[in-house]
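J.: All residue numbers for the sequence shown refer to UniProt numbering, where the first residue is 1 and numbers rise by one.
The beta carbon of each residue, even a glycine, is placed where N, CA and C say it ideally should be.
Values in this document were obtained by computation on a predicted structure and should not be read as measured data.
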Amino acid sequence: MSGLQDLLREDLRGHEPYGAPQLDVPVALNTNESSYEVPRTVVDAIVRRVGEVAPTLNRYPDREFAAVREALAGYVTSTTGCAVDADQIWAANGSNEVLQHLVQAFGGAERTALGFTPSYSMHPLISRGMGMTWIDGMRSCDPAVFDVSAQLAASQAREVDPHVVFLCSPNNPTGTALALDVVEAVYEAAPHAIIVVDEAYAEFARPGTPSALTLLPGRERLVVTRTMSKAFAFAGVRLGYLAADAELTSLLRLVRLPYHLSAVTQAVTCAAFEHTGDMLAMVEAIKGSRDALVAGLDALGLTPVPSDANFVLVGGFPDERATWQALLERGVLVRDVGIPHHLRITAGTPEETQAVLTALREVISTPA
Ligand code: PMP
1 MSGLQDLLRE
11 DLRGHEPYGA
21 PQLDVPVALN
31 TNESSYEVPR
41 TVVDAIVRRV
51 GEVAPTLNRY
61 PDREFAAVRE
71 ALAGYVTSTT
81 GCAVDADQIW
91 AANGSNEVLQ
101 HLVQAFGGAE
111 RTALGFTPSY
121 SMHPLISRGM
131 GMTWIDGMRS
141 CDPAVFDVSA
151 QLAASQAREV
161 DPHVVFLCSP
171 NNPTGTALAL
181 DVVEAVYEAA
191 PHAIIVVDEA
201 YAEFARPGTP
211 SALTLLPGRE
221 RLVVTRTMSK
231 AFAFAGVRLG
241 YLAADAELTS
251 LLRLVRLPYH
261 LSAVTQAVTC
271 AAFEHTGDML
281 AMVEAIKGSR
291 DALVAGLDAL
301 GLTPVPSDAN
311 FVLVGGFPDE
321 RATWQALLER
331 GVLVRDVGIP
341 HHLRITAGTP
351 EETQAVLTAL
361 REVISTPA
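Structural data, given as structure tokens:
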């Protein structure tokens with residue numbers, strides 16, 4: 001008789017599942033959520049809209065989630081200045097599911113995905129989960145430099161000739177934004193690939209940081225994914241989306257499960273867009289906390305990486321695992337992302353920023 005490990009697909013054996021700890025701590029700064037609750041105006045709109053759909057939950061929801069797509073297209077167009085139609089928008093349960101749809105449609109077994117490490121850990125997990133070969137590309141020749149070089153990225157893309165390329169801007173876990181010439185160079189160098197630019201943190205970018213949305217016209221293989229989990233303080237709703245060529249978007253219907261966005265999810269999403277301004281009001285405050293966090297970490301003699309996201313990667317820990325544990329003992333949960341001597345800290349409220357800096361000062365000054 002075989003054990004379950006023997007029954008598991010060979011390409012999944014020995015791999016770890018995604019697993020950020022979900023611990024009940026006073027200061028949770030480990031998953032880049034918004035620390036701010038959903039505003040009252042939106043809570044009221046959610047209750048009203050969910051009340052309206054509740055009696056009709058005996059029926060399947062709108063399979064085309066038309067109202068959600070309209071709302072997202074309007075939001076993207078008005079906030080970025082890049083005109084996007086509803087038929088260029090796709091949405092799913094978190095941008096993770098959007099990424100999975102892309103890999104299901106354009107990746108799969110016997111195909112290759114390329115990413116530039118360190119980056120979002122779900123890119124390889126989703127790709128391998130669909131049977132793809134994953135290639136860990138290099139961001140730069142110097143491992144201490146987290147920016148991606150256009151030349152190096154393009155030469156790796158040319159060599160691998162992948163079916164899917166993942167870029168991430170601002171990048172998780174480094175916080176660094178991509179220059180658009182990297183996207184352009186990779187697009188040209190990988191002519192058989194769908195080029196995915198994961199912009200989950202785009203709303204937190206500093207002024208002047210360009211979005212890959214500006215590159216969409218004329219590039220039918222380019223996809224920009226975004227989410228409501230971060231800037232919209234909506235991680236619990238599970239709503240991610242993408243903007244791309246309308247034909248590409250349409251092809252994703254081949255792989256989605258029927259009615260994948262529930263009527264409740266659609267109602268809650270539309271409620272948020274009744275009050276977009278209230279939903280995004282905290283973004284500036286979070287950017288302020290991020291900048292204060294960078295300054296505070298610097299003042300502690302640590303080495304924060306300049307960030308365009310709602311988190312900061314910081315180096316300078318002789319033993320990052322021990323520091324992670326010592327912070328947890330002080331009620332502060334941050335993220336060990338597997339980069340030696342570094343930890344990743346989400347920018348929360350000003351109080352949380354103070355709490356993590358105070359705890360770090362104590363930990364650093366306490367001899368091991
Ligand atoms: N992309 C990146 C870069 C992320 O960091 C995350 C969440 N941590 C996601 C996508 C997925 O977010 P969600 O599924 O909540 O939209």
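Name the one or two DSSP bridge partners that arginine 344 has.
T.: Leu313 and Arg335
J.: Contact check, glutamate 247 vs glutamate 220 under 8 Å by CB: the rounded distance?
T.: Right, their Cβ atoms sit about 7 Å apart.
J.: Mind checking which residues open and close the alpha helix (DSSP H) that includes aspartate 87?
T.: Element bounds for aspartate 87: n/a, residue is neither H nor E.
J.: Going by beta carbon distance, what residues of the same chain come within less than 7 Å of glutamine 5, once the five residues before and after it are set aside?
T.: Arg13
J.: How about glycine 141: is its Cβ closer than 6 Å to a heavy atom in the ligand PMP?
T.: Residue identity check: residue 141 is cysteine in the sequence provided, not glycine. No, Cβ of cysteine 141 sits at least 6 Å from all heavy atoms of the ligand PMP.
J.: For arginine 290, which residues from the same chain have a beta carbon less than 8 Å from its beta carbon, with the 5 sequence-adjacent residues on both sides left out?
T.: Phe204, Ser307, Ala309, Asn310, Phe311, Val312 and Ala347
J.: Count the other C-beta atoms from every protein chain shown that fall within 10 angstroms of the C-beta of arginine 344, then say buried if there are 16 or more, exposed otherwise.
T.: Burial call: buried.
J.: Please find out if some non-hydrogen atom of the ligand PMP comes closer than 6 Å to the beta-carbon of cysteine 270.
T.: Checking every heavy atom of the ligand PMP against the Cβ of cysteine 270, none is found closer than 6 Å.
J.: Quick one: give me the first and last residue of the alpha helix (DSSP H) that phenylalanine 106 is part of.
T.: 94-106
J.: So does threonine 117 have its beta carbon nearer than 6 Å to some heavy atom of the ligand PMP?
T.: no
J.: Using DSSP with H/G/I as helix, E/B as strand and the rest coil, what is glycine 137?
T.: Glycine 137: strand per DSSP, three-state reduction.
J.: Which residue marks the beginning of the alpha helix (DSSP H) containing glycine 277, and which one marks its end?
T.: Run containing glycine 277: 276-299, per the alpha helix (DSSP H) assignment.
J.: Pull up the distance between the alpha-carbon of residue 376 and that of alanine 71, whole angstroms please.
T.: Residue 376 lies beyond the residue range present for the chain, which begins at 1 and ends at 368; the question has no answer from this structure.
J.: In angstroms, rounded to a whole number, what distance separates the CA positions of glutamate 159 and glycine 137?
T.: Taking the straight line from one Cα to the other gives about 11 Å.
J.: Quick check: what's the CA-CA separation for lysine 230 versus proline 304?
T.: 21 Å
J.: From the DSSP output, in three-state form, read off proline 304 for me.
T.: strand
J.: Just to confirm the assignment, what range does the alpha helix (DSSP H) spanning aspartate 319 have?
T.: Neither: aspartate 319 is in no alpha helix (DSSP H) and is coded neither H nor E.
J.: Compare the beta carbon distance of valine 255 and alanine 105 with 7 Å and say whether it is the shorter of the two.
T.: yes
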